[in-house]
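In terms of the numbering used here, the sequence shown opens at residue 340 and continues consecutively.
Cβ coordinates follow ideal geometry from the N, Cα and C atoms, glycine included.
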Amino acid sequence: MPVNGRFSSLIGHVYEGASEAVPWQAFVEALRLALDARNVIVTLHHADDEGSDIYVMARVPGDEIDWAAVEATYRAELMMDDPLRPDLMEPGQVSLVDRSTTDLKKHAIFEQIGLSQTLRMCVAEPSGIRCWVDVIRSHKHAEPLFTEADLALMHALTPHLSRALGLYAKLKRQETEKAIYESMAEHFGLGCVLLNDQGEVILVNRVAASIIEQRPGIAVNKQRLVLSDRSAQLALNEAIAAVISARWQAGASQGGNLIRVGDSHDRLVGLLVYPAPLLHYYRGGQSPCVVVHLSDLSASLEALRPSQGHSVSRIAQLFNLTRQEATLALLLAYGNTLAEAAQEMGIAEIAARNYSKKIYGKMGIAGQADLIRLTLRSIAFLR
Numbered sequence: 340m341p342v343n344g345r346f347s348s349l350i351g352h353v354y355e356g357a358s359e360a361v362p363w364q365a366f367v368e369a370l371r372l373a374l375d376a377r378n379v380i381v382t383l384h385h386a387d388d389e390g391s392d393i394y395v396m397a398r399v400p401g402d403e404i405d406w407a408a409v410e411a412t413y414r415a416e417l418m419m420d421d422p423l424r425p426d427l428m429e430p431g432q433v434s435l436v437d438r439s440t441t442d443l444k445k446h447a448i449f450e451q452i453g454l455s456q457t458l459r460m461c462v463a464e465p466s467g468i469r470c471w472v473d474v475i476r477s478h479k480h481a482e483p484l485f486t487e488a489d490l491a492l493m494h495a496l497t498p499h500l501s502r503a504l505g506l507y508a509k510l511k512r513q514e515t516e517k518a519i520y521e522s523m524a525e526h527f528g529l530g531c532v533l534l535n536d537q538g539e540v541i542l543v544n545r546v547a548a549s550i551i552e553q554r555p556g557i558a559v560n561k562q563r564l565v566l567s568d569r570s571a572q573l574a575l576n577e578a579i580a581a582v583i584s585a586r587w588q589a590g591a592s593q594g595g596n597l598i599r600v601g602d603s604h605d606r607l608v609g610l611l612v613y614p615a616p617l618l619h620y621y622r623g624g625q626s627p628c629v630v631v632h633l634s635d636l637s638a639s640l641e642a643l644r645p646s647q648g649h650s651v652s653r654i655a656q657l658f659n660l661t662r663q664e665a666t667l668a669l670l671l672a673y674g675n676t677l678a679e680a681a682q683e684m685g686i687a688e689i690a691a692r693n694y695s696k697k698i699y700g701k702m703g704i705a706g707q708a709d710l711i712r713l714t715l716r717s718i719a720f721l722r
């Protein structure tokens, strides 16, 4: 196939590879076929630590070579003296290694695994990720050596691989940020359900899924968020409709609507219906339009129970309290009287009173009301 024809068949795989579950898996197989190669390997180098490299390989059917062992041998015995080792190559460089021009040790390895020639290309993107593409031919191939047309194809692909690598780096940064924000929402026990502009559920995070599973009055049915409480369902529907309607009105603002499911005698859940951020260049059926935050309001107070050992340790560390003082502080913050807290701890009320004075002194507050306020503000650290 001419260079232009092979290039056209590969360029889509180059850009699609940045978002594949295994990056560039389709590309390496397509390149192997286009160059009639035995193997094609993409090495993604994310840091100076060599152990962080990621390898993506395509191989000829029936290939039984242990390439992990070959790589280990190369690193241990050959890499130090290799002029084409990754850290010595410049971005955009395309080079060949021929079996006939290698030293004795490398020549023996080439013979052992049946290689005739390898082609290596280096690409990079501004944030520091580098990528090497190794194309390997066997002496069994009809054309064991690469041609000028093969080299021209690799040179033509180089700038596109560099751009695709930049897209890959950006996607990975966004995935990392997303994971951080998701962990923050989970840490606060905040559920999140995303709806599209038809009010259909398109995403449920882990906290929301757990709340829905544990709370019989909330469910997702036929892509809709469903509440068993009829009045709450009507309020939810109205809130969702208001957000969707306001989304397309210039200058419209929507502050969010709160809905309660249950009461103090039941598992109390709060729902906050809020507009999703509107991205200027992103529209479509799967574009998030409405965010429904769910919070199990009764579960939040569990962090204030002194039976939660980590809460005692953290409140002690946060305010430089002893374990007894931290236990009493949590009991008082939970709403117990001094007498109830003393009974719970199995100490005399006068001892609890002395502890409370030390607590208030260390925390710089005047009394139980301030203690409750300060502890509730610290609840994120106690979960």
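Item: Beta-bridge partners of Leu458, as assigned by DSSP; Value: Leu435 and Val474
Item: For Val559 and Ala571, the rounded distance between their alpha carbons; Value: 15 Å
Item: Contacting residues, own chain, Cβ-Cβ under 8 Å from Arg563 (five flanking each side not counted); Value: Gly538, Glu539 and Val540
Item: Of the listed residues Met396, Asp489, Val612 and Leu534, nearest to Ala574 (C-alpha basis); Value: Val612
Item: Exposure of Ser567, with buried meaning 16 or more beta-carbon neighbours within 10 Å; Value: exposed
Item: Beta strand (DSSP E) runs contained entirely in the stretch 659-720, provided each spans 3 or more residues; Value: none
Item: Ala397 to Tyr520 span [Cα, whole Å]; Value: 36 Å
Item: Inter-residue spacing [alpha-carbon to alpha-carbon] between Ala705 and Ala638; Value: 28 Å
Item: Proximity of Gln456 and Arg476 at Cβ, strictly below 8 Å; Value: yes
Item: contact_flag[the stretch 696-710, the stretch 499-511] where n(CB pairs < 8 Å) is 3 or more; Value: no
Item: Nearest-angstrom Cα separation, counted from Leu423 out to His478; Value: 21 Å
Item: Between the CA atoms of Val474 and Gly453 - distance to the nearest angstrom; Value: 14 Å
Item: Secondary structure, beta strand (DSSP E): runs of 3+ residues fully inside the stretch 507-531; Value: none
Item: Cβ-based burial, Arg377 [other Cβ within 10 Å; buried from 16]; Value: buried
Item: C-beta contact flag for Gly530 and Ser466 at 8 Å; Value: no
Item: Between the CA atoms of Arg722 and Met523 - distance to the nearest angstrom; Value: 11 Å
Item: Other residues of its chain near Ala672: CB distance less than 6 Å, five sequence neighbours each side excluded; Value: Leu643, Leu710, Ile711 and Thr714
Item: Residue range of the unbroken beta strand (DSSP E) whose run includes Ile557; Value: Ile557 to Asn560
Item: The stretch 496-507 / the stretch 394-414 touching (three or more Cβ pairs under 8 Å); Value: no
Item: Any non-hydrogen atom of the ligand COA closer than 7 Å to Gly528 Cβ; Value: Looking for the ligand COA in the displayed structure turns up nothing, as the structure carries no ligands at all.
Item: Candidates Val381, Leu484, Ile718 and Ser584, of which the one nearest Val395 by Cα; Value: Val381
Item: CB-CB length for Arg662 against Ala655, believed under 8 Å; Value: 6 Å
Item: For Val353 and Ala503, believed in contact at Cβ under 8 Å, the rounded distance; Value: 5 Å
Item: Rounded separation between Ala687 and Ala681 - CA only; Value: 6 Å
Item: Cβ-Cβ separation, Tyr694 to Glu664 (assumed contact under 8 Å), whole Å; Value: 5 Å
Item: Nearest-angstrom Cα separation, counted from Gly648 out to Arg692; Value: 22 Å
Item: Residue range of the alpha helix (DSSP H) that includes Leu573; Value: Arg569 to Arg586
Item: Close Cβ partners of Ile393 (< 6 Å) along its chain, the five nearest in sequence each way excluded; Value: Leu383
Item: Residue of Glu516, Val565 and Val433 minimising C-alpha distance to Ile598; Value: Val565
Item: Contacting residues, own chain, Cβ-Cβ under 6 Å from Arg371 (five flanking each side not counted); Value: Val379 and Ala397
Item: Delimiting residues of the beta strand (DSSP E) encompassing Leu542; Value: Val540 to Val543
Item: Proximity below 8 Å, CB of Leu534 to CB of Val631; Value: yes
Item: Unbroken beta strand (DSSP E) run spanning Arg599, endpoints; Value: Asn596 to Val600
Item: Neighbourhood of Cys461 by C-beta distance below 6 Å, restricted to the same chain and skipping five residues each side; Value: Met428, Pro430, Gln432 and Trp471
Item: Identified DSSP bridge partners for Thr382; Value: Tyr394 and Trp471
Item: Rounded straight-line distance, which links the Cα of Asp375 to that of Leu349; Value: 14 Å
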